[in-house]
Each structure stands twice: as structure tokens, then as C-alpha cells.
């Protein structure tokens with residue numbers, strides 16, 4: 044294998060794939076970056092077996108020659124050293140050549156490194172992707188979906204399936220659900236697709252967080268392919284693979300109440316700030332619980348009482364209050380997470396009693412939904 | 301690591317037959333407990349079995365395909381090996397394993413984990429593993445390796461298929477040692493002391509061990525003379541050479557093997573001696589003693605070993621033993 048390549052572009056790609064590489068892996072080969080050189084260009088792969096990132100540098104882009112390929116081939120090089128070396132090389136051009144028994148020479152200007160490589164044959168195989176079952180969505184929509192759901196996944200490993208986000212494809216619509224059994228976040232979105240395939244998979248929350256970090260905020264479409272064991276997100280020159288969680292996701296459709304006894308319309312920002320203030324005192328307590336009571340037709344009260352510290356009450360104007368009177372307690376943290384995830388300046392909150400879960404939706408938008416279970420306090 | 305089924309089957313015929321049958325009949329259990337003395341090939345068999353399950357070659361395990369090679373090098377993403385982290389296997393290690401296994405396999409449709417020294421799991425680690433073993437996914441295979449299977453939780457044992465590895469017969473080890481260039485007398489002795497090829501090689505090449513062997517033989521020779529010279533010998537060489545409890549224990553083992561050889565000679569079995577080079581001396585001694593007397597002497601040595609375990613002063617212990625070996629029970 045022998046090629047030379049433009050340094051900045053190459054260093055950027057190395058940085059991208061490095062995000063997938065974990066320093067504390069038990070599998071020695073995964074400490075490395077895999078470099079595949081073909082006539083079309085140079086492909087870099089990094090993986091921690093949960094997620095894998097591939098970055099492709101074409102041989103030529105927009106009339107500019109990025110890489111000169113002399114001889115195709117593959118090698119795996121230690122990621123930590125390779126990254127440092129590439130960043131610090133003196134010239135704008137890097138030449139990489141693999142000698143016998145995976146010895147790799149990296150040259151730039153007068154400097155020359157010899158790195159011991161590993162056998163590329165031993166690197167994990169990434170699944171072969173079938174092109175037909177692809178669906179597309181804009182990058183910024185994908186990032187929004189992730190932001191609005193992934194915070195609600197369970198942090199505890201007692202039920203591993205809940206550490207992921209359930210992605211369900213039905214009739215060309217994507218439904219994403221995350222829950223830790225105390226709250227639930229749901230987002231629906233229309234996607235572009237040619238096939239009418241139906242999926243029901245669970246993607247680990249951690250993988251989605253990583254994906255969100257490496258994607259830019261653009262309107263460019265991301266192609267998504269789902270296989271039995273992995274999901275692939277393909278952006279321009281960047282492929283992101285994640286393993287799926289095994290098992291059946293619990294049926295959440297029956298959890299979401301369809302009718303409501305009390306309905307509030309609130310300004311998101313005012314409500315969020317009131318909850319935030321009330322939680323200042325509640326935070327010290329174990330559960331961070333605040334209480335909401337309906338006062339009259341256009342006022343609600345948020346209060347919190349920690350006997351050892353003090354108490355707080357605040358009245359918040361509501362545009363409308365419909366239905367029964369209500370006093371309900373819930374976790375301030377869950378409420379703030381949910382409010383931050385919602386877009387829109389006005390929200391609807393629908394209650395079905397003090398002991399039943401309640402839902403929060405932006406006004407005139409039923410693609411997003413947040414559900415929170417109340418806390419029993421009296 | 302080029303062992304084939306055949307080579308392993310020679311060492312552990314029963315275990316390998318069971319593994320092979322489960323593969324052929326496609327009835328692989330979800331968990332196996334591999335139990336046996338150190339050096340009996342548990343790890344080799346476990347890796348071999350993992351290779352057979354994942355091999356892509358014609359005759360699994362071929363040892364040459366990508367999967368086989370990656371298992372050998374510890375690079376296969378679906379084969380996880382857990383070793384004690386320090387003195388024990390911690391709960392966190394099992395938790396990581398559980399996280400790993402909540403996800404779909406990376407490549408193959410089968411995931412394998414091997415836990416070495418499974419008896420060294422802490423109580424909480426064992427309990428986490430138990431929960432994991434109780435709800436096996438259809439495509440996972442657990443291989444637990446242990447040298448002390450009675451120290452495992454009974455609830456874990458009951459969820460695994462038990463595979464007992466037989467101790468190696470001394471003659472196989474002896475042949476291996478001779479193959480490594482160890483002299484016949486040394487190979488015979490060492491193969492009677494341990495099962496583990498590596499430990500055997502270490503002992504055979506150790507100066508201290510050769511010296512020990514010489515001192516014990518000398519002591520045995522002096523013992524025959526029915527004089528107090530044995531006591532002097534004990535003070536001269538023995539006590540300064542065998543210093544701590546383990547070393548005295550080894551000396552007693554050597555002495556025990558010597559008397560066992562004497563018994564063998566007396567009963568007319570002159571093959572497979574631990575000290576084949578002492579045959580002439582032993583024959584001579586056999587004429588002066590009876591099998592009953594030898595049995596008494598062996599009992600005395602075993603008794604001394606037991607007292608050593610209960611922390612008797614080694615010097616007094618040896619002096620008493622020498623008197624017993626010389627004069628018999630009537631003397632002391």
C-alpha cells in the first residue's frame with residue numbers, strides 16, 4: 044500500500060473516526076485506525092465495537108486532487124500515536140507506505156516515522172449494506188429528533204433495552220420513543236423512502252449522542268439503513284454504524300392517555316423558569332419534587348416545600364385552564380428536561396388525575412409528545 | 301496453538317467427545333463449566349470450542365480462517381474473555397459483560413464469553429452473573445473455567461453443563477518433559493509432583509530443586525544406617541535448605557515418593573518409578589524391610605505432612621520423623 048494525501052483533510056478524517064475509538068477496549072485491534080486505500084480514495088475506520096465511524100476521502104474532489112494512490116491496500120495503525128503524528132507533521136503533504144509485515148512508513152518533508160501496524164484482516168467486518176432499503180431525512184431534523192428523545196433513556200442497566208431509543212417505521216412515518224419507565228419522550232417524523240419496509244429497532248442512547256456530536260447542522264440529507272444487527276447513518280463522506288440493542292421494546296402505546304380531565308395552556312419559557320426557581324429548594328430533597336395546583340381560570344401555582352430549608356410558591360398565568368381542579372406533584376428535573384426538549388413558545392399540558400401520567404405537547408403540533416409520571420406525596 | 305481435535309482428545313477424551321457431539325448434533329448448551337487441575341487444557345479446549353462455533357472454514361475449527369486467527373489473537377469482537385482483575389473478578393467486569401451482551405452481535409450471529417478462574421468471582425459478581433445465566437439469549441454461549449469448582453455458587457453450577465477435565469497421567473507429562481530435553485530421572489520425579497507442563501519445566505530447570513532432590517536422597521541413604529548420623533545430616537543440610545513451610549512440604553513429598561517407590565519395588569512393580577536411577581539401592585533396601593514396615597513409614601510421612609499443615613515447628617517435625625523412620629513406632 045502506498046499513497047500520499049493532503050494533510051489537513053486527512054487529519055480532519057482521523058479526528059472524526061477517532062471519536063469512535065475507546066481507550067479502554069479489551070480487544071487489541073480496536074485500539075487502531077483502519078486505513079483502506081482503493082483507486083477511488085482513502086477510507087478510514089474507527090470502532091469500539093458498539094459504534095463504528097468510517098470517513099472517506101475521495102481521490103479527487105471538485106477538480107482538486109486530494110490523494111495520489113500509487114498502490115492500493117489496507118493497514119491498521121495505533122490510533123493514539125497516528126493521530127498525534129498526523130497533526131504534527133511539518134508539510135502539507137503526507138506520504139504513507141506499508142512495507143513488509145505491516146511496517147508502515149509515514150513521511151512528510153524531512154521527517155520519517157516507522158510505525159508497527161496490525162493485520163487489517165483481523166479488523167471487525169462492518170455489515171454489507173443493501174442499497175434498496177434506504178430512507179432519508181435532513182441532518183438538522185435527525186439531530187432534533189435525537190435531542191428530543193435521547194435524554195429520556197434509562198441510565199440504569201437493570202433493563203438494558205430501556206437504555207436505547209425505539210425507532211419504528213410505519214407507513215413511511217418514523218416514530219421514535221425513549222422511556223426510563225418514569226417518563227417518556229416521543230417524536231414522529233415523516234421521512235423520504237422508496238420502500239414500504241417496516242422496522243422496529245432499538246438504538247443505544249449513547250450511540251445517538253455520539254452521532255449527534257459528529258453531524259454538522261446542515262440541511263443535507265442523511266441516509267439511514269437498518270439491518271438486523273446494525274443501523275447505518277450515511278452523511279457526505281461519513282458513515283456511522285451502531286449496533287442495535289437486542290430484545291423487545293415494551294409496548295408504550297397504551298401508556299399514553301387519550302382523554303384529559305384538566306387542560307392547561309402555558310407559555311413555555313415562563314413555565315420553565317417557574318419550575319426552575321421552585322426546584323432550587325426542592326433539589327436538596329431526595330426527589331426534587333415540585334407541586335402544581337390550579338388556582339382559578341387563568342392562574343396556576345407552582346410550589347415546593349422542604350421542611351428543613353424553606354418553601355417557595357409562585358403563581359404562573361395560564362392562557363386557559365379547562366376542566367377539573369387539580370393538585371399534582373412531579374419531578375422538577377423531568378419537567379425541565381421535557382420543556383427544554385420541546386419546540387414552540389406555547390405548550391399544552393393535559394392531566395387525567397393526580398395519580399395518572401400527564402402529557403405535554405407544543406401547541407398545534409402533535410409530532411412531539413412528552414409524558415411524565417407524577418409523584419405520590421399525600 | 302495449532303492443536304487439533306485429535307491432539308486434545310488424546311489428553312481429555314471424555315470432555316472433547318461431549319463437546320464434539322454437542323456441535324455435531326447442533327445442541328450446544330448455553331453454559332459450560334470446565335473444571336479441572338491446572339495444566340489440564342481447559343483454556344485450550346474453551347478457545348478451541350469457540351473457534352469451532354465461529355469457524356468459516358471447511359472443517360471447523362480450521363485454525364486458518366479469519367475468525368480462528370482472530371480468536372487466537374484475542375481480536376474477535378464477539379468472543380469476550382474475562383480474567384480476574386487482581387485477586388478477584390469484580391462486579392463491574394460482569395456488568396460490562398452484561399452491557400455488551402444486551403446488544404446484537406458485531407458480526408456473527410453468536411456471542412461467546414469465557415470466564416477464567418470463575419471461582420475467583422466476588423460474591424456480588426457471582427450473583428450478577430447468575431442473573432445473566434438464568435435468562436440466556438438463544439445465541440450466547442458461556443464457558444466458565446475453574447480449578448476449584450466446589451468454591452463456585454451451587455446455583456451457578458446447576459445452570460451449567462459440567463465438563464470435568466481429568467488430571468493428566470504422569471507418563472504423558474514425563475514423555476513431554478523428555479521431549480523438552482529433561483533427563484529421565486528428573487522427568488520421572490517432576491511428572492509425579494505436578495500436572496502442569498510449565499510448572500514441571502520450571503522445577504526441572506531449577507538449581508534449588510536439583511539440590512533438594514540430592515539432599516533428600518542423601519537423607520534417605522543415611523536413614524538406612526540406623527545411626528544418629530541422620531540427625532547430624534538433618535542439621536547440616538536439610539534445615540538450612542528447606543526454609544519455609546512450602547519447601548518442607550516439598551521435601552516431604554519427595555520423601556513420600558521415595559518410600560512409595562520402595563513399596564513398588566517390594567510388590568514387584570519396577571516400572572514408572574519416581575526415582576528410576578535409585579533402583580539398585582531400593583532393591584537392596586527392599587530385602588532388609590517388609591511391606592508392612594514400609595507402609596508404617598509412609599503413614600509416618602503423611603502424618604508429618606498433616607502436622608505441618610497445622611503449623612508444627614518444621615525442625616522438631618523433621619527430627620521426630622527421622623526417629624520414626626529409623627526406629628519404627630516402638631522407638632519413639
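Residue numbers (my numbering), protein chains in the order written: chain U, 44 to 421; chain P, 301 to 632. Backbone N, C-alpha and C fix where the C-beta goes; we use that ideal spot for every residue, glycine too.
- Among the residues facing chain P, residue 101/U is not included, as its CB has no counterpart in that chain under 8 Å away.
- Annotation for residue 461/P: the continuous beta strand (DSSP E) segment containing it runs 461-464.
- Shown here is that no member of the region 339-360 of chain P has a Cβ falling below 7 Å from a Cβ of chain U.
- For residue 343/U, the uninterrupted beta strand (DSSP E) segment begins and ends at 342-349.
- Going by DSSP, residue 486/P is part of the alpha helix (DSSP H) stretching over 484-493.
- Residues of chain P with a Cβ closer than 9 Å to the Cβ of residue 203/U are, in chain order, 398, 399, 401, 402 and 403.
- Residue range 389-394 is occupied by the beta strand (DSSP E) that includes residue 389/U.
- Buried is the label assigned to residue 380/P, since at least 16 other Cβ atoms lie within 10 Å of its Cβ.
- Within the same chain, Cβ atoms closer than 8 Å to the Cβ of residue 561/P are found at 573, 574, 575, 578 and 582, the five residues on either side in sequence being excluded.
- Looking at the DSSP output, residue 109/U bridges to nothing.
- Excluding the 5 residues flanking it on each side, residue 347/U has same chain C-beta neighbours closer than 6 Å at 321, 324, 325, 333 and 355, in chain order.
- Per DSSP, residue 411/U is one residue of the beta strand (DSSP E) stretching across 411-415.
- Residue 563/P and residue 595/P have their C-alpha atoms roughly 8 Å apart.
- At least one beta carbon of chain P lies nearer than 8 Å to the beta carbon of residue 93/U.
- Neighbourhood of residue 224/U in chain P, by CB distance below 7 Å: empty, with the nearest CB roughly 16 Å away.
- Ranked by Cα distance from residue 98/U, the options 50/U, 79/U, 249/U and 221/U are led by 79/U.
- In the three-state scheme derived from DSSP, where H, G and I count as helix and E and B as strand, residue 592/P is classed as helix.
- At least 8 Å separates the beta-carbon of residue 301/U from that of residue 366/U.
- For the 8 Å CB-CB criterion, residue 492/P and residue 70/U do not form a contact.
- When the alpha-carbon of residue 110/U is set against those of 135/U, 88/U and 162/U, the nearest one is in 135/U.
- Contacts with chain P (Cβ-Cβ distance below 8 Å) from the region 285-310 of chain U involve 286, 287, 288, 289 and 290, listed in chain order.
- Across the set 170/U, 215/U and 407/U, the C-alpha of 170/U shows the shortest separation from the C-alpha of residue 92/U.
- Put simply, of 528/P, 571/P and 558/P the residue whose alpha carbon is nearest the alpha carbon of residue 597/P is 558/P.
- Of the other Cβ atoms in all chains shown, 16 or more fall within 10 Å of the Cβ of residue 226/U; this residue is therefore buried.
- Beta bridge pairing from DSSP links residue 75/U with 121/U.
- For residue 309/U, the enclosing beta strand (DSSP E) has its first and last residue at 305-310.
- For residue 375/P, at least one C-beta of chain U is nearer than 8 Å to its own C-beta.
- In this structure, DSSP gives residue 353/U an extended state, which the three-state scheme calls strand.
- Below 8 Å, too few C-beta pairs join the region 366-384 of chain U and the region 271-285 of chain U to call them touching: fewer than three.
- Distance from the CA atom of residue 359/P to the CA atom of residue 308/P, rounded to whole angstroms, is 16 Å.
- With its beta carbon less than 8 Å from one in chain U, residue 407/P belongs to the interface.
- Taking 8 Å as the cut-off between beta carbons, the residues of the region 365-396 of chain P near chain U are 366, 369, 370, 373, 374, 375, 376, 377, 380, 381 and 395, in sequence order.
- Secondary structure note for residue 51/U: it is in no beta strand (DSSP E), and the uninterrupted alpha helix (DSSP H) holding it is 50-61.
- In the same chain as residue 188/U, and ignoring 5 residues on each side of it, the C-beta atoms closer than 7 Å to its own belong to 219, 230 and 232, in chain order.
- Within chain P, the residues placing a beta-carbon under 8 Å from that of residue 165/U are 366, 369, 370, 373 and 375, ordered along the chain.
- Cβ neighbours of residue 397/U within its own chain (closer than 7 Å, five residues either side excluded): 369, 370, 371 and 417.
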